[in-house]
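2 protein chains.
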Amino acid sequence: MGITERKERQRAELREHILQVARDMVMKEGFDALSMRKLAEAVEYAPATLYLHFENRDAIARELCVRGFQELFAALEPAARVKEPVERLSRLTEAYLGFGLKQPETYRLIFMEDARLSEALFQDAKEGAGPQSFAVLVRVFEDLEAAGRTPEGTPPARLAEVFWAGLHGIISLKLTCSGFQGAPAEVLGQTLVTSLVREPARSARPARRSR
Amino acid sequence: MGITERKERQRAELREHILQVARDMVMKEGFDALSMRKLAEAVEYAPATLYLHFENRDAIARELCVRGFQELFAALEPAARVKEPVERLSRLTEAYLGFGLKQPETYRLIFMEDARLSEALFQDAKEGAGPQSFAVLVRVFEDLEAAGRTPEGTPPARLAEVFWAGLHGIISLKLTCSGFQGAPAEVLGQTLVTSLVREPARSARPARRSR
DNA sequence: AGCAATAAATGAACGGTGTTCACAGAACGG
DNA sequence: CCGTTCTGTGAACACCGTTCATTTATTGCT
Chain X
1 MGITERKERQ RAELREHILQ VARDMVMKEG FDALSMRKLA EAVEYAPATL
51 YLHFENRDAI ARELCVRGFQ ELFAALEPAA RVKEPVERLS RLTEAYLGFG
101 LKQPETYRLI FMEDARLSEA LFQDAKEGAG PQSFAVLVRV FEDLEAAGRT
151 PEGTPPARLA EVFWAGLHGI ISLKLTCSGF QGAPAEVLGQ TLVTSLVREP
201 ARSARPARRS R
Chain R
1 MGITERKERQ RAELREHILQ VARDMVMKEG FDALSMRKLA EAVEYAPATL
51 YLHFENRDAI ARELCVRGFQ ELFAALEPAA RVKEPVERLS RLTEAYLGFG
101 LKQPETYRLI FMEDARLSEA LFQDAKEGAG PQSFAVLVRV FEDLEAAGRT
151 PEGTPPARLA EVFWAGLHGI ISLKLTCSGF QGAPAEVLGQ TLVTSLVREP
201 ARSARPARRS R
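In structure tokens, the structure reads:
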């Protein structure tokens with residue numbers, strides 16, 4: 001009985017098509033320009049048909065949000081593989097900022113649009129894509145701490161959080177405060193890296209008061 | 001000829017009243033909930049009347065944006081007066097984060113809503129409230145540099161920018177990624193401070209105990 | 001094949017939005 | 001008192017998200 005299979009597949013394909021077209025619209029004109037009516041027009045269905053595949057506009061937004069986040073995560077993946085932690089942090093910074101600047105509307109949708117959207121990313125404490133990619137950052141700072149290159153007494157998780165906030169701040173200020181022209185994002189990113197990474201201890205571990 | 005004066009005053013008062021009510025609506029329900037029709041209803045005028053005082057909804061938003069920014073600037077002012085630069089930076093951090101957390105919708109409107117809104121803050125390179133308050137941050141890092149407490153070779157303006165991005169990132173992640181629960185903003189802020197401020201050079205001046 | 005049942009798709013409507021504009025009314029200057 | 005100017009408005013336009021009864025297409029069964 002392959003008929004129900006085919007129907008399911010076609011249904012999934014249409015759903016996928018809708019999401020694809022929606023993604024294009026968001027990337028081209030921004031999330032605000034994504035209207036159910038224009039989306040329906042673009043996929044050549046009546047507006048009401050969209051509601052057979054998605055609960056409402058927010059459901060589409062949520063889906064685009066998690067997919068966008070997966071893209072971001074994928075963009076970070078090569079950098080995350082780098083062994084040397086300082087280099088890794090630098091490459092992660094580069095990748096993160098590059099993604100945000102090359103796909104501004106996607107980044108906006110993920111992190112700047114609505115708290116209800118990004119909730120989906122962090123609802124599971126360990127499972128979701130959000131905590132998983134945050135863990136990548138934490139690991140860098142754990143490795144940095146092991147190498148004695150973090151500010152003393154600050155847990156890696158908190159350093160990771162500050163670092164993430166720094167990256168996010170760099171991008172979102174560039175995206176929102178377009179009037180303010182400062183240094184390029186990459187330069188700021190490297191400044192952030194060098195600010196959070198300490199010089200390696202010269203001799204033994206403590207080595208602060210003496211010499 | 002006090003009549004035209006009175007009319008002008010009444011006109012200004014009405015404009016002010018509209019802005020006040022709009023501000024209340026934004027702070028209570030967020031910017032998206034601010035509609036011209038509800039605003040007109042609230043001030044007991046017809047919607048079209050609003051257009052006699054503002055070009056459109058964006059004009060109101062812009063005005064609220066610059067006023068919100070002025071509030072933010074005012075909130076920073078006491079901290080900016082502190083002499084000792086490290087303490088000053090710490091106090092500025094506290095004030096900035098406090099404002100963002102206590103007035104989330106105002107902060108959103110200023111920095112997270114639309115690039116066209118915050119453009120007004122930074123359109124004048126020196127004049128506007130934006131560059132003026134950024135200069136406060138730059139000055140801190142200039143003073144820190146003079147005290148030999150910044151990472152070497154990094155211009156104060158860039159450190160200030162990274163610092164601002166860090167603060168903004170901390171707040172905006174708290175406001176948007178509500179699902180992600182990390183350390184409290186104040187803790188992250190202090191971590192940011194200690195990350196960007198270096199220990200004083202031993203040769204130049206003996207370290208003093210403050211706090 | 002034809003018929004009943006199920007799934008897919010839609011047209012029309014509801015209530016909401018920002019904005020415009022011709023018009024009415026009040027307030028003013030001469 | 002009249003004419004002008006300013007203030008205010010109702011109605012309309014073009015959108016928006018969403019719902020629902022209804023139509024259309026497709027399937028399973030006899």
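Quick note, the sequences are listed as chains X and R, same order. If you read the first sequence in full-length UniProt numbering, its first letter stands for residue 1, the second for the next number, and so on. If you read the second sequence in full-length UniProt numbering, its first letter stands for residue 1, the second for the next number, and so on. Ideal placement from N, C-alpha and C gives every residue a C-beta, glycine not left out. None of the values given here were measured: they were computed from a predicted structure.
query: Please report the straight-line C-alpha distance between Pro206 (chain X) and Arg149 (chain R), rounded to a whole angstrom.; result: Because Pro206 (chain X) carries a pLDDT of 48, less than 50, the predicted location of this residue cannot be relied on, and the following value inherits that uncertainty. Whole-angstrom Cα-Cα distance: 20 Å.
query: Taking only beta-carbon positions, decide if Gly169 (chain R) is within less than 7 Å of chain X.; result: yes
query: Kindly indicate if chain R contains any beta-carbon less than 7 Å away from that of Pro156 (chain X).; result: no
query: Using three-state DSSP, classify Tyr45 (chain X) as helix, strand or coil.; result: coil
query: Can you tell me which of R:Ala146, R:Leu117, R:Lys7, R:Pro156 puts its alpha carbon nearest to the alpha carbon of Ala135 (chain R)?; result: R:Pro156
query: Count the CB pairs spanning the stretch 170-186 of chain R and the stretch 115-127 of chain R that are closer than 8 Å, and state whether there are at least three.; result: no
query: Just the C-alpha distance for Gly68 (chain X) and Leu159 (chain X), rounded to the nearest angstrom, thanks.; result: 25 Å
query: Anything in the stretch 103-114 of chain X with a Cβ closer than 7 Å to a Cβ of chain R? List those residues in chain order, please.; result: Phe111, Met112
query: Taking Cβ to Cβ, would you say Val21 (chain X) is nearer than 7 Å to Ala42 (chain X)?; result: yes
query: Is the shortest distance between the beta-carbon of Ala147 (chain X) and the beta-carbons of chain R less than 7 Å?; result: no
query: I need the straight-line Cα distance from Glu77 (chain X) to Thr49 (chain X), nearest angstrom please.; result: 37 Å
query: Apart from the five residues just before and just after Ala40 (chain R), which ones in its own chain have a Cβ nearer than 7 Å to its Cβ?; result: Ala46, Pro47, Thr49, Leu50
query: Let me know if Ser133 (chain R) comes out buried or exposed under the rule of 16 or more other beta-carbons within 10 Å of its beta-carbon.; result: buried
query: If we ignore side chains and look at the alpha-carbon of each, how far apart do Ala12 (chain X) and Leu52 (chain X) end up?; result: 12 Å
query: Comparing alpha-carbon positions, which option in X:Ile18, X:Met25, X:Val187, X:Phe180 lies nearest Leu167 (chain X)?; result: X:Val187
query: Is any beta-carbon of chain R found at less than 7 Å from that of Gln70 (chain X)?; result: no
query: Suppose contacts are defined by Cβ-Cβ distances below 7 Å. Is Thr154 (chain X) in contact with Thr154 (chain R) by that definition?; result: no
query: Which residues of the stretch 19-39 of chain R have a Cβ closer than 8 Å to any Cβ of chain X? Give them in chain order.; result: none
query: Helix, strand or coil, according to DSSP, for Glu143 (chain R) in the structure here?; result: Reading off the sequence, residue 143 (chain R) comes out as Asp, not Glu. Asp143 (chain R): helix per DSSP, three-state reduction.
query: According to DSSP, is Glu63 (chain X) helix, strand or coil?; result: helix
query: Within 10 angstroms of the Cβ of Ala61 (chain X), are there 16 or more other Cβ atoms? Answer buried if so, exposed if not.; result: buried
query: In the stretch 121-133 of chain R, which residues sit with their C-beta less than 7 Å from some C-beta in chain X, listed in chain order?; result: Leu121, Phe122, Gln123, Gly130
query: Taking Arg178 (chain X) as part of the alpha helix (DSSP H), name the residues at either end of that continuous run.; result: Looking at the sequence itself, residue 178 (chain X) is Ser, so the reference to Arg does not match. Per DSSP, Ser178 (chain X) belongs to no alpha helix (DSSP H) and is neither H nor E.
query: Counting pairs of Cβ atoms below 8 Å between the stretch 25-39 of chain X and the stretch 87-95 of chain X, do you hit three or more?; result: no
query: Determine, using beta carbons only, whether Gly179 (chain X) comes closer than 7 Å to chain R.; result: yes
query: How many Å lie between Val162 (chain R) and Arg6 (chain X) at the Cα?; result: 54 Å
query: Taking just the CA atoms, how far does Arg23 (chain X) sit from Leu72 (chain X)?; result: 14 Å
query: Quick check on Gln103 (chain X): does DSSP put it in helix, strand or coil?; result: coil
query: Under 7 Å Cβ-Cβ, which residues of chain R neighbour Ala59 (chain X)?; result: Within 7 Å Cβ-Cβ: nothing; Ala59 (chain X) doesn't reach chain R, min ~17 Å.
query: Which class does Lys83 (chain R) belong to by DSSP, given the choice of helix, strand or coil?; result: coil
query: Using the rule of at least 16 other Cβ atoms within 10 Å of the residue's Cβ for burial, across every protein chain shown, is Glu8 (chain X) buried or exposed?; result: exposed
query: Does any CB atom of chain R fall closer than 7 Å to the CB of Thr194 (chain X)?; result: yes
query: Looking only at C-alpha atoms, which of X:Glu55, X:Ala59, X:Pro131 sits nearest to Gln70 (chain X)?; result: X:Pro131
query: What would DSSP say about His168 (chain R), mapped onto helix, strand or coil?; result: helix
query: In terms of residue numbering, what span does the alpha helix (DSSP H) encompassing Ser118 (chain X) cover?; result: 115-122
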